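Trainee: In the working numbering, the protein residues as written are 1207 to 1532. Note that CB positions come from ideal geometry on N, CA and C, so glycine has one too. It should be emphasised that the depicted structure is a prediction, and the values quoted were computed from it without experimental measurement.
1. Distance check for residue 1466 and residue 1316, CA to CA, integer angstroms please.
2. Do residue 1396 and residue 1423 have their C-beta atoms closer together than 9 Å?
3. Starting from residue 1317 and walking both ways along the alpha helix (DSSP H), at which residues does that stretch end?
4. Helix, strand or coil for residue 1294? Go by DSSP, reduced to three states.
5. Under 9 Å between the Cβ atoms of residue 1411 and residue 1478?
6. State the start and end residues of the unbroken alpha helix (DSSP H) segment that holds residue 1226.
7. Using only the alpha-carbon positions, how far apart do residue 1331 and residue 1251 sit?
8. Using the Cα positions of residue 1421 and residue 1388, report the straight-line distance between them to the nearest angstrom.
9. Going by beta-carbon coordinates alone, are residue 1284 and residue 1311 separated by less than 9 Å?
10. Compute the distance between the beta-carbons of residue 1462 and residue 1228, then report whether it is under 9 Å.
11. Going by C-alpha to C-alpha distance, which of 1337, 1402, 1394, 1308 sits closest to residue 1418?
12. Within 10 angstroms of its Cβ, does residue 1415 collect 16 or more other Cβ (buried), or is it exposed?
13. Does residue 1295 pass the burial test, meaning 16 or more other C-beta atoms within 10 Å, or should it be called exposed?
14. If we ignore side chains and look at the alpha-carbon of each, how far apart do residue 1383 and residue 1239 end up?
15. Report, in whole angstroms, the separation of the C-beta atoms of residue 1469 and residue 1223, which I expect to be a contact under 8 Å.
16. Which whole-angstrom value is the C-beta distance of residue 1236 and residue 1454, which I expect to be below 8 Å?
17. If you run the structure through DSSP and keep just helix, strand and coil, what is residue 1505?
18. Can you name, in chain order, every residue of its own chain whose Cβ lies under 6 Å from the Cβ of residue 1436, other than the five neighbours on each side?
19. Output yes if chain C places a C-beta closer than 9 Å to the C-beta of residue 1404; else output no.
20. Could you tell me the distance, in whole angstroms, from the CA atom of residue 1233 to the CA atom of residue 1401?
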């Protein structure tokens, strides 16, 4: 077990952590999340009026899910979009807003590819269209979640007019509503980890990271408010600049959660496919040349070598000392 820990688990974990560059990648991702935040809020404001329930119910759901310190930016902005005259239609402007909001998902795709060690870069147009589709699907997830939480009990009451629904079912719905939310979040994270990066892993390798990301998100929502309220100070809790700083920190931590889940998936895949990892990762060895002992020690990579076509060229070694050649 100790040899396995030393030879496999620790090196693969360290390689994955180094490859993910969590802090730097999260900063990049949170920046693009911020740029796409308001277009996405406008997009949600276009969809909400078409749903069969009061928009205030959706706002109330957001107030429940978001930390108290982030709410002063998100909720008033969404309310202002809802009261404007531009909402309620799937128009050309809606498509443009969705296209603008999909920028963040293109960044998410690039960072997750980097986390999974994928170096192939897709065509820009194809990648942007894919990000557009992902943004639309995730918005549909958000709408379905809103319908479940806001309209679920109303739907049961409507069905009860035609079919006798036991009262216990209403109690069950109320009690399992939050576990269902966690299950939906696991499904969303699984969808992100499975379909956004350009890998060919089986879907079972997307689930562990999705579970961890969901649990970390729940801890983040509660723990973030506790930290800011008790240790953030009045300069962070009050004022527009303080709220903006809190929003940036929250987006950065959310990005860390998203990347950490992908990294966990990649580590588990590597541990289950050791030979593939060994073949693709060279070993490094520092040695002194036997033929040229006067040369400095060099670090060379020892790995799988592939023969490349081409002419063989023999030339003098520039490092060889010049002198008599007998």
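Mentor: Answer, in terms of the structure:
1. 15 Å
2. no
3. 1309 to 1321
4. Confidence at residue 1294 is low in this model, with a pLDDT of 48, below 50, so the placement of that residue should be treated as unreliable; the coordinate-derived value is given next. Reduced to three states, the DSSP call for residue 1294 is coil.
5. yes
6. 1216 to 1226
7. Distance between residue 1331 and residue 1251, taken at the CA atoms: about 27 Å.
8. 8 Å
9. no
10. yes
11. 1394
12. buried
13. Caution applies to residue 1295, whose pLDDT of 48 falls short of 50 and renders its modelled position unreliable; the value that the coordinates give is listed next. Residue 1295 counts as exposed, since fewer than 16 other C-beta atoms from the protein chains shown sit within 10 angstroms of its C-beta.
14. A direct Cα-Cα distance of roughly 28 Å separates residue 1383 from residue 1239.
15. 7 Å
16. 6 Å
17. Confidence at residue 1505 is low in this model, with a pLDDT of 47, below 50, so its placement is unreliable and no value can be given for it.
18. none
19. Here chain C cannot be found, since the structure has a single protein chain.
20. 23 Å
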